[in-house]
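> Supplied in structure tokens, the structure appears directly below.
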Amino acid sequence: MATAAMAMGDIQIAARDGKEVPPGTGLDSDGNATTDPAKIAAGVVLPFGGYKGSAIALMVELLAAGLTGEQFSYEAKENDNGDGGPPRGGEMVIALSPELIAGPGWPEHVEAFMDRLTSLNGVRVPGARRHKNRLDTGPRNINEALVETIRGLL
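Position in the sequence shown (from 1) plus 1025 gives the number in our numbering.
Structure representation (structure tokens):
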């Protein structure tokens, strides 16, 4: 589970496009709050949700790195191999059987909950917008600088 206020890829896109990111996204290399994505990329991305998000990030870090014996996030950055790919790290998979825990009516109960939740004005479910966008097969806007970079590779 990603716990950053913004994905590093989005921060890099904002830097490339010369745009600022929202306040609370990250700190520069001196620990100062900034909306400059290039300074955040050289510093640190903050967790979402302030101190509560920080507690969730700590829990996820302890599960994904601490219990698996893999690198913590600060170690991953220190040991980055510089190839542009993701850092080496651990993964913790927790598998639960809802039907064993909650009983056979679990799917219907959850469906009723989700229907009720999404009927509320302004409520969004994580991933719903992305799913809707993937179903849209219409034309896409592409960053002109990216198009020129790709053309230069051909």
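For every residue, glycine included, the Cβ atom is placed at its ideal position computed from N, Cα and C. This structure is a prediction, so every number in the text was calculated from the model and none was measured.
1. Among K1157, V1069, M1084, which one has its Cα closest to the Cα of I1036?
2. Using 8 Å for Cβ pairs, my map puts N1168 next to D1042. What's the rounded Cβ distance?
3. Buried or exposed, going by whether 16 or more other CB atoms sit within 10 Å of the CB of V1031?
4. I want to know whether the segment 1066-1084 touches the segment 1039-1054 - three or more CB-CB distances under 8 Å.
5. Quick check on V1070: does DSSP put it in helix, strand or coil?
6. By the DSSP assignment, the alpha helix (DSSP H) with I1054 in it spans what residues?
7. Looking at I1081: is its Cβ nearer than 7 Å to the Cβ of T1028?
8. Express the C-alpha separation of A1170 and L1179 in angstroms, rounding to a whole number.
9. Of all the options K1064, N1057, V1172, which has the alpha carbon lying nearest to the alpha carbon of E1045?
10. Tell me which residues share the same chain as S1098 and place their Cβ nearer than 7 Å to its Cβ, disregarding the 5 neighbours each side in the sequence.
11. Just mark T1059 as buried or exposed, buried being the case when its beta carbon has 16 or more other beta carbons within 10 Å.
Taking the geometry as given:
1. Numbered from its first residue, the sequence shown carries residue 1036 at position 11. Per the Cα distances, V1069.
2. Within the sequence shown, numbered from 1, the residue matching residue 1168 stands at position 143. Within the sequence shown, numbered from 1, the residue matching residue 1042 stands at position 17. With a Cβ gap of about 7 Å, N1168 and D1042 count as contacting.
3. The residue labelled residue 1031 in the question sits at position 6 within the sequence shown. The sequence given here places Met at residue 1031; Val does not occur at that position. With 16 or more other Cβ atoms from the protein chains shown falling within 10 Å of its own Cβ, M1031 counts as buried.
4. yes
5. As a first step, residue 1070 is located in the sequence shown; it is residue number 45 there, counting from the start. Residue state, collapsed to three classes: strand.
6. As a working mapping, residue 1054 is identified with position 29 in the sequence shown. For clarity, residue 1054 is Ser in the given sequence; the question names Ile instead. Neither: S1054 is in no alpha helix (DSSP H) and is coded neither H nor E.
7. On the sequence shown, residue 1081 is found 56 positions in, with the first residue counted as 1. On the sequence shown, residue 1028 is found 3 positions in, with the first residue counted as 1. In contact: I1081 and T1028 (Cβ atoms closer than 7 Å).
8. The residue you call residue 1179 lines up with position 154 of the sequence shown. The residue you call residue 1170 lines up with position 145 of the sequence shown. Cα-Cα distance, rounded: 15 Å.
9. Residue mapping note: residue 1045 aligns to position 20 of the sequence shown, counting from 1. Taking E1045 as reference, the option from K1064, N1057, V1172 with the minimal CA-CA separation is K1064.
10. As a first step, residue 1098 is located in the sequence shown; it is residue number 73 there, counting from the start. Closer than 7 Å at Cβ, skipping near neighbours: E1086.
11. Here residue 1059 is taken as the residue at index 34 of the sequence shown, counted from 1. Its Cβ being crowded by 16 or more others within 10 Å, T1059 is buried.
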